[in-house]
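Since the structure comes first, as structure tokens, the remarks are kept for the end.
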Ligand code: TYD
Ligand code: MG
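Numbering (my numbering), first residue to last: 21 to 484.
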């Protein structure tokens, strides 16, 4: 008799090991390894029965020249009608694909899914919404709330089918019957397969259920939208485990105490991962923010420690207010905090300001943040951040209507950034009269708006 094999899978990162350990060797999470049995009945071959993986012989699949590859599979995308969501997906849902939407509890994942499902259904396309966490009445109440939005009809969409169930077999059965264009599973951690001994949300259940759902989506050609929680509660496995099983991983971010919400792609096999979708949470659901240019700098006015930076994010340019505050701390244990900004970049900029601009920051606590919780990873935000810190420390601010953009090198030099013209155009469009830019950049923009600076020190001289 073949020996039964087991593996230990980390519920946080999904790595598998032959031996148990108290701490995951890959991601370092404590007490996250769970024993998983590897047997044929618990796994589904994603390539379908008869493929090489399941029976050891390759029956029908043949290698073809790349020019003929994929001829049989037309990929016409289905736009959900929620423009900002489609933008992140790369133009809409791809039939047969699986998308995972992760995010903290209460951020609005269910709302976004119900809204997208509702829009699709209004177009006359059947959509199955599996509400595994809520009752049918709750889902209906939420849907009714969403119909109060100004641009949708008051009627509930006829083609939106709700299934408050957690059993995998029943869900697949319903999906077969309805033949929908999209199936939403909210949330995947609640789904269980009856004949598995493991509890819902455990690594075994999550893996098996997701693989089966993805397999059925590919067979039936419907799009699969999976909702997953980011934080671990009890023995719920983190959605990181699922990342390699799906085609796109979207993350829904924002501060639940503020209205702004950002959807970004962490992985996308059918589009780029630079695009972000922007929403505001309102009393009647999520409102798309299409002219987002000035959204994150709405409350900006010239003051020490505040600088606006035109940041590129996929196909759009956003003006983001960057703030800094310095306060006397203790030499040797000064605090450095970065919210929405890179803390390594912050440490580097503080060192550059000390060394190249002779600011004494060693005993200063430095707090920095990007307004609205937008995560900024671009080095183009270096100069604005350095100016915000210097301004906060010197109690000086940039002149009214001035923005800044530029990467800062270790020598204190201001370096070129990509697509400066687009950034300038957006800043000017939103009423900024001047923009501090790296010296020597050739642009075909209104030169009156340009203030070229060669070094951080030079830029600090413009503070008043
Ligand atoms: P929800 O979509 O349930 O979040 P998740 O599925 O990510 O846990 O909604 C989260 C919050 O949004 C909830 O606290 C209530 C709020 N909300 C609104 O402000 N307006 C609305 O129209 C809806 C439906 C929810
Ligand atoms: Mg929810």
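All C-beta atoms in this analysis are idealised placements derived from N, C-alpha and C, irrespective of residue type, glycine included.
Identity of the residue in the options nearest residue i by Cα
i	options	result
residue 471	444, 286, 449	444
residue 475	432, 451, 456, 284	432
residue 162	400, 304, 355, 381	304
residue 102	171, 438, 294, 227	171
residue 206	89, 177, 230	230
residue 290	411, 116, 185, 46	116
residue 130	146, 165, 446, 145	165
residue 57	27, 47, 45	27
residue 104	124, 126, 135	135
residue 145	177, 118, 154	177
residue 158	484, 307, 182	182
residue 266	238, 197, 281	238
residue 339	373, 451, 283	451
residue 449	82, 212, 337	337
residue 306	132, 46, 55, 175	132
residue 484	326, 53, 232	326
residue 373	479, 167, 55	479
residue 447	469, 436, 438	469
C-beta contact flag for residue i and residue j at 7 Å
i	j	result
residue 477	residue 367	no
residue 137	residue 188	no
residue 286	residue 244	no
residue 261	residue 34	yes
residue 201	residue 98	yes
residue 319	residue 328	no
residue 323	residue 417	yes
residue 389	residue 359	yes
residue 140	residue 96	no
residue 396	residue 361	yes
residue 122	residue 333	no
residue 184	residue 219	no
residue 108	residue 411	no
residue 382	residue 351	yes
residue 153	residue 210	yes
residue 399	residue 441	no
residue 148	residue 118	no
residue 284	residue 299	no
residue 120	residue 269	yes
residue 379	residue 413	yes
Span separating the alpha-carbon of residue i from that of residue j
i	j	result
residue 234	residue 112	18 Å
residue 242	residue 481	59 Å
residue 128	residue 349	38 Å
residue 32	residue 463	47 Å
residue 160	residue 310	28 Å
residue 25	residue 37	12 Å
residue 292	residue 110	7 Å
residue 420	residue 301	31 Å
residue 425	residue 457	6 Å
residue 402	residue 330	12 Å
residue 143	residue 106	15 Å
residue 375	residue 422	26 Å
residue 460	residue 429	15 Å
residue 51	residue 40	10 Å
residue 385	residue 364	15 Å
residue 29	residue 434	46 Å
residue 294	residue 274	17 Å
residue 42	residue 227	22 Å
residue 249	residue 415	43 Å
residue 190	residue 126	27 Å
residue 314	residue 44	43 Å
residue 308	residue 279	11 Å
residue 199	residue 208	20 Å
residue 89	residue 114	17 Å
residue 252	residue 213	Legend: pLDDT at residue 252 = 48, less than 50; position of this residue unreliable, value from coordinates given subsequently. Taking the straight line joining both Cα atoms gives about 21 Å.
residue 215	residue 221	15 Å
Paired residues, beta bridge with residue i - DSSP
i	result
residue 272	123, 283
residue 50	43
residue 485	Nothing in the structure corresponds to residue 485, since the chain is present only between 21 and 484.
residue 320	Bridge partners of residue 320: none, in fact.
residue 149	182, 204
residue 290	According to DSSP, which records beta bridges pairwise, residue 290 is partnered with nothing at all.
residue 358	388
residue 37	28
residue 333	336
residue 243	202
residue 342	327, 390
residue 297	283
residue 422	454
residue 472	457
Interface flag, residue i vs chain C, CB-CB below 7 Å
i	result
residue 413	As a matter of chain content, chain C is missing from the structure shown, which is built from one protein chain.
Residues passing the C-beta test against the ligand MG heavy atoms, cut-off 6 Å:
In chain order, the qualifying residues are 129, 130, 153, 206.
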